[in-house]
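All remarks here apply to the structure that follows.
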Amino acid sequence: MSASSETSGPASTVSPAATLAEAVLRGDSRSLARAMTWVENGDAGAEGILEALYGKRPAAPRVGFTGPPGAGKSTLVAEYTRLLRAEGIQVGIIAVDPTSPFTGGAILGDRVRMNEHATDAKVFIRSMATRGSLGGLAARTSELCELLDAWGSQTTLVETVGVGQSELDVAEAADTTVVVLTPESGDAIQALKAGLMEIAEVIVLNKSDHPGADAMEAALRASLAFRPEAHRPPIVRTVATARTGFEELHQALREHRDYTSRPDVAASRRREKVRARIRHAVREGLLDAWLRRQGLEELLDGAAEDVVAGRTSPYRAARDLIERMTHHGERSNANAS
Amino acid sequence: MARKIRVLVGKAGLDGHDRGAKVVASAMRDAGFEVIYTGLHQTPEMIVQAALQEDVDVVALSILSGAHMTLFPRVWQLMRDRGLNDVLLTGGGIISKEDMEALRKLGVGDLFGPGTPTGAIIDYVRGWVAANRAGKVGSASGTGRRA
Amino acid sequence: MANGRTQTPPETPASTGAAPAGAAARSGAPAEPRFETMSGIPLKAVYTEADRRADLQERLGEPGAFPYTRALFPEGYRTRLWTMRQFAGFGSADDTNQRFHYLLGQGVTGLSTAFDMPTLMGYDADHPMSLGEVGREGVAISTLEDMETLFRGIPLDKVTTSMTINAPAIVLLAMYVAVGEKQGLKPSQLGGTIQADMLKEFIAQKEWICPPRPHVKICVDMIEWCAANMPKWNSISISGYHIREAGATAAQELAFTLADGIGYVEECVKRGMDVDDFAPRLSFFWDVHNDFFEEIAKFRAARRIWATTMRDRFGAKNPRSWMLRTHAQTAGVSLTAQQPLNNVARVAIQALAAVLGGTQSLHTNSMDETLALPTEEAVTVALRTQQILAYETGVANVVDPFGGSYFMEALTDTMEAEALATIKRIDEMGGIIAAVERGYPQKEIADSAYRFQQQVERGERVIVGVNKFASDADELSIPVLKIDPDIERRQSERVKSVKATRDAARHAAAMKALRDACMSDKNLVPFVLDAVRAHATLGEISDLFREAYGVYREPAVF
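Residue numbers (my numbering), protein chains in the order written: chain A, 1 to 337; chain B, 1 to 147; chain C, 1 to 558.
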């Protein structure tokens, strides 16, 4: 194992986890990478190393970036990293991408946009697949952040695409959650509104040089108007490709950090995050239970048969099912009342 | 949590023909691998830094520009310098049999020419990882921490 | 044709044992043979009068008349045979100059220059990114001196030259004009083509310096400048070749390439140019693959769509603006490393399709190109293939011999309809530049490439000598061209010596003027020309573009 090649101590008396932990604290990137693999795989040594490292270094601020596909998250993270590096800040980046539910494999392509930091020893980029674990992702993300703290990260950025589950996990692991939108993401937020807007603590309107940016900003402000002032996320306009808006983003993140470090706020924030998590779990659970009651699985068999036989398309079949199930649901509700 | 085979797939050098790299990346994903795709125009330094941070089992490079006799040895050397001694370096491109042989002597793994079925590459990677990496992650005797 | 037949997979061949399980499960194995083109267009066993459209005559037009479905000229190749243009370039400018002289001696009628990777990406030979790549895939050109060497002994008013260069195309165009000046020639006397098609770079070939918008702006600068100064020069070659080689189907190649063409015309018109001032100098470049009839239909559909689009969408009045003139190259991606002599047959059939499709110019690939740069012998066989077509087979005697064929007209109609549907989708995304920025064509092409690979691995698509009729004794025995590794060092030294001996003050002034021009809306061609005259190198000018416009990172789409 190469971890042992990092140190030449008497291996018989020191556990591999302790050896690796020591190397991570020295800032050794190879050991950090290996420790992350242990944590990701849930290997036996993982617990030991996390324990050994816990509290050894100050926790770096953790900023989560999420948003619909194509919002420019990777470029935004890369450009924000440039700003942090110019201030001499050591940066850790975790880029989360979904695991294919069909094959268990994943293509993790976020490094493509972060090439300019590819050889900077003070930037550590790690790609992580969701691996389809319900709930486990938030814990794993937090643990990777802890490892980055031990290595010497002074700001940790976590990026994930916001299309379902993973952004909630990332939000839970992050101190500040940035939701990245573009003038084109109007439809996307309609669909994702519940999950995505709820977790936004800073909103970035990227590609704000595109047509429709003003309208999008106005729509966002309107949708946030019902929230109490203190909970209304600031909206920052950026053009990541032209490197504009990053000072403003930096400032917004600093202000959010100052605000959240107030003890009363910190406690209520923790409650809020847990609340969001429970709400999501409840909604998913209720939906599942309801769908089961409607006999979705059996209906799917018939519909799939029809599609395979060429009698209908998957989309039409889905529409028909929704139609049937909602009518059925309304009828049964009516009967119940 | 099941152990996943992690592979870096990238284009070394300047040529932009990424059809092969993308097809191989997709096939590896469908074989259940985690593919770290670094994209085009990668220098040896960028490749090795990414391989190190991502703790991959395998580095798979596509080179179609004829620069393989410069780029593979350089990536190989940097991998040694950075302690990536248990990582397979493999790849593909328009590479003559004698060049493949010369690179193999250096320590580079099998290289694949045009027309290779992706299944053959996947089998090779699986076999290599089983022989050289399996059980080496974490504590070999360990039981999973989480179910 | 074997390729058109989608077959029941043979019983679990060893090579496909590990075929992606998920994908196979999703698409399922076909129960019986299906017949379709390589693009997936379903085919009937026979086409009859019932397949003929009532308005066929109108949609065909006479050869040489709108909408040019049949041919650009009334008498086709009787008026003028296609240009046999063989792509060449390797090693130093001196090496390639010798190959040019050899080709001219063999009856080639147009030169075509392949550049090495550093040149294509805008790096001088002494740049760290150029390591190991100098002179490998083409000729290394860093300085005006290199360009002079490349064309030494070749009067530029007597040949036409095609230059396959895109990202730094403006620099090579300027160098060519400057070499012409040294031969005492005006730009208006120079004939040829520069590829300079950046959209297909972002879609397929992936060689760039800056993000899409500034690159397209520079392309438009060249179109504008050439329209005013180089009446015999094709200022762009809108290329489907690379799109196809990256994995697109013929139908996608047709659609994305024409969408690129529309994109350039739109940008030129936005700048206030009259469409008839530049459109006659736009040229195209198609790939020709194995599916014989589909390829011919592609050429015919392309001419009809372009003529209609130029006349009806852009209001072009000059018939020359309606005419889609094209170069074609046989499909490099269809060549196999296994049993390489088979490639001679593939190339011959593809070349025949290009001729029957009515191409204006043709490059035939050499059988060994999938192994390395072609040897002189292989290049000669490829050229002889064209000469056999032109002088022995009689195929050039009659215009559009498939015109009116039930099948060919139906296939042409289908290709046209599919391309128009894709173009409409791209228009709805806000045009091709916006579509490229969001990775739409890139994703479509990558999907097609993966689908094709899966079909090959499941044995549904036959490649002779690879997944069927493979032989054990397929060790190649054809000699392979070697590049002297010392070229890199010598080329680097030449660059350094040019930088050391040039007039530094003149160079600095020209570069400053160019930098200022980059920050304005001005046409950059005159400024680049001045910089080249002052011996600015290709890498220096490209660096200036990187500084002014930024560096591009593509979206990773799968």
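From the three backbone atoms N, C-alpha and C, an ideal C-beta is built for every residue, glycine too.
- By the criterion of at least three beta-carbon pairs nearer than 8 Å, the segment 289 to 307 of chain C is not in contact with the segment 203 to 214 of chain C.
- In this structure, residue 361/C and residue 82/C form a Cβ contact; the two beta carbons are roughly 6 Å apart against a cut-off of 8 Å.
- Residues of the segment 97 to 112 of chain A with a Cβ closer than 7 Å to any Cβ of chain B, in chain order: 100, 103, 104, 105, 106, 107, 108, 109, 111, 112.
- Straight through space, the alpha carbons of residue 279/A and residue 293/A are spaced by roughly 21 Å.
- With fewer than 16 other beta carbons inside 10 angstroms of its own, residue 231/A counts as exposed.
- Shortest Cα-Cα distance from residue 90/A to any of 75/A, 72/A, 120/A involves 120/A.
- Under the Cβ distance rule, residue 22/B counts among the residues neighbouring chain C, one pair being separated by less than 8 Å.
- Taken in chain order, the whole alpha helix (DSSP H) runs of length 4 or more contained in the segment 431 to 488 of chain C are 432 to 437, 440 to 457.
- Around the C-beta of residue 516/C, fewer than 16 other C-beta atoms lie within 10 Å, and the residue is accordingly described as exposed.
- What residue 41/A touches in chain C, judged by beta-carbon distance under 9 Å, is nothing: the nearest beta carbon there is about 22 Å away.
- Per DSSP, residue 125/A is one residue of the beta strand (DSSP E) stretching across 123 to 129.
- In this structure, the CA atom of residue 258/A is about 48 Å from the CA atom of residue 130/C.
- Counting along the chain, the unbroken beta strand (DSSP E) around residue 328/C starts and ends at 326 to 330.
- Taking C-beta atoms as the reference points, residue 173/A and residue 141/A count as a pair closer than 8 Å.
- For residue 97/A, the uninterrupted beta strand (DSSP E) segment begins and ends at 91 to 97.
- At least one beta carbon of chain C lies nearer than 8 Å to the beta carbon of residue 40/B.
- Residue 127/B: member of the alpha helix (DSSP H) spanning 118 to 132, first to last residue.
- DSSP lists 193/C as the bridge partner or partners of residue 234/C.
- The Cβ of residue 14/B sits no closer than 8 Å to any Cβ of chain A.
- Every unbroken stretch of the alpha helix (DSSP H) spanning 4 or more residues and falling wholly within the segment 236 to 272 of chain C is given here in chain order: 241 to 245, 250 to 270.
- With a threshold of 8 Å between beta carbons, residue 115/A makes contact with chain C.
- By a beta-carbon distance limit of 8 Å, residue 240/A contacts residue 72/A. Their separation comes to about 5 Å.
- According to the DSSP assignment, residue 88/C belongs to the beta strand (DSSP E) that extends over 83 to 88.
- Within 10 angstroms of the beta-carbon of residue 326/A lie fewer than 16 other beta-carbons, which makes it exposed.
- At least one CB of chain B lies nearer than 8 Å to the CB of residue 370/C.
- Between residue 48/B and residue 79/B, the C-beta gap is smaller than 8 Å, which places the two residues in contact.
- Here residue 418/C is not near residue 246/C, since their CB atoms are 8 Å or more apart.
- Contact of residue 241/A with chain C by beta-carbon distance below 8 Å involves 211, 550.
- Three or more pairs of CB atoms, one per stretch, sit closer than 8 Å, so the segment 152 to 162 of chain C contacts the segment 184 to 197 of chain C.
- Here the segment 112 to 119 of chain C does not lie against the segment 456 to 471 of chain C, with fewer than 3 beta-carbon pairs under 8 Å apart.
- By the Cβ neighbour-count rule, residue 282/A is exposed, with fewer than 16 other Cβ atoms within 10 Å of its own.
- Taking CB atoms only, residue 546/C has no neighbour in chain A less than 8 Å away.
- Here residue 34/C carries a strand assignment [DSSP, helix/strand/coil].
- Counting along the chain, residue 173/C sits inside the alpha helix (DSSP H) bounded by residues 169 to 182.
- Under a criterion of Cβ atoms nearer than 7 Å, the residues of chain C adjacent to residue 18/B are, in order, 206.
- At a cut-off of 8 Å between beta carbons, residue 425/C makes no contact with chain A.
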